[in-house]
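Worksheet for the structure shown next.
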Amino acid sequence: MDPYLLLVVVLLLYALAAAGPSLLGRERLAWGQVAEILLWGIVLLAVAWLARIASPLLYLLVLYLLTMRVRLVVEVANALAARRQPGAQPLYALAGALALNPMDRAIVRVNQGAALLHNGQVAQATGVLEGALRGGRLGNRLGAACRCNLGLAYLRTGDRERGRALLRETVDLLPGSVYARRASIALRRLDAAPAEAQ
């Protein structure tokens, strides 16, 4: 088999794997993400052909790093935010600057909002998460994460009605998920609070 044809097969399989959750009906298909994978893949094919390097493993590694760059930076930022390190917010800003498609931008905003909430910056978290939710096209998993964290942020600001509504939406959107469990726990505490007060 022609080694460059093998690179094309690797590209198509990688794009198919990226689209897999949507093809199985678990998520909306992020056309921007698939288009970005194909674009980077074609550019890398041209570079591989010009440099006469036809290593499928190297091709896949570089393609992965290019197409997952935003998510990798977000993961590092999340790790720093979990330890309350100051370098997290600049990394979220970098990830936002690297994001070329709407799904990656939404991933950055939802994770940044969750980190701000975790660090007690409720007002900023609310603004970031509201913006992510207004942007739409989040898919089920990201939508549930956004609604859950925004609902918790509203509860911290004392807006129980909006908080409760978003937490219920979370449970309905992705039952059985970690976000639905967190939302259910918060709803149970919210329902128990008035009973304890009486």
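Note that my numbering gives residue 906 to position 159 of the sequence shown, counting from 1, and the numbers run on in steps of one.
Where is the CB? At the ideal position from N, CA and C, for every residue including glycine.
Contact check for L937 against A891 fails: the beta carbons are separated by 8 Å or more. In the DSSP assignment, M850 falls within the unbroken alpha helix (DSSP H) covering P849 to H865. Fully enclosed alpha helix (DSSP H) runs of no fewer than 4 residues occupy 803-814 of the region 785-827, in order along the chain.
One thing to note: L845 has its Cβ within 8 Å of the Cβ of V820. Per DSSP, the unbroken alpha helix (DSSP H) holding A912 starts and ends at R907 to L920. Here the region 913-932 makes contact with the region 881-901; the two share three or more CB pairs at distances below 8 Å.
If you compare the alpha carbons of A824, N887, P849 and I800 with that of G860, the shortest gap goes to A824. For P837, the enclosing alpha helix (DSSP H) has its first and last residue at A835 to L845. Distance from the CA of Q868 to the CA of L880, rounded to the nearest whole angstrom, comes to 18 Å.
Sorting W787, Q780 and E822 by C-alpha distance to the C-alpha of L754 places W787 at the top.
Counting C-beta atoms within 10 angstroms of its own C-beta, V855 has 16 or more neighbours from the protein chains shown and is therefore classed as buried. Taken through DSSP and simplified to helix, strand or coil, R830 comes out as coil. A straight line joining the alpha-carbon of W796 with that of Y751 spans about 7 Å. Taking each of L760, M850 and I789 in turn and checking the Cα distance to W778, the smallest one comes out for M850. One thing to note: L810 has its Cβ no nearer than 8 Å to the Cβ of L759. Beyond the five residues adjoining it in sequence on each side, R816 comes within less than 6 Å, by CB distance, of L845 in the same chain, given in chain order.
Within the same chain, and ignoring the five residues on either side of L889 in sequence, the residues whose Cβ sits closer than 7 Å to its Cβ are A853, I854 and V857.
Within its own chain, the residues whose Cβ lies closer than 8 Å to the Cβ of L807, once the five positions on either side in sequence are excluded, are V757 and Y761, listed in chain order. If you draw a 10 Å sphere on the C-beta of Q832, you find fewer than 16 other C-beta atoms in it, and that means exposed.
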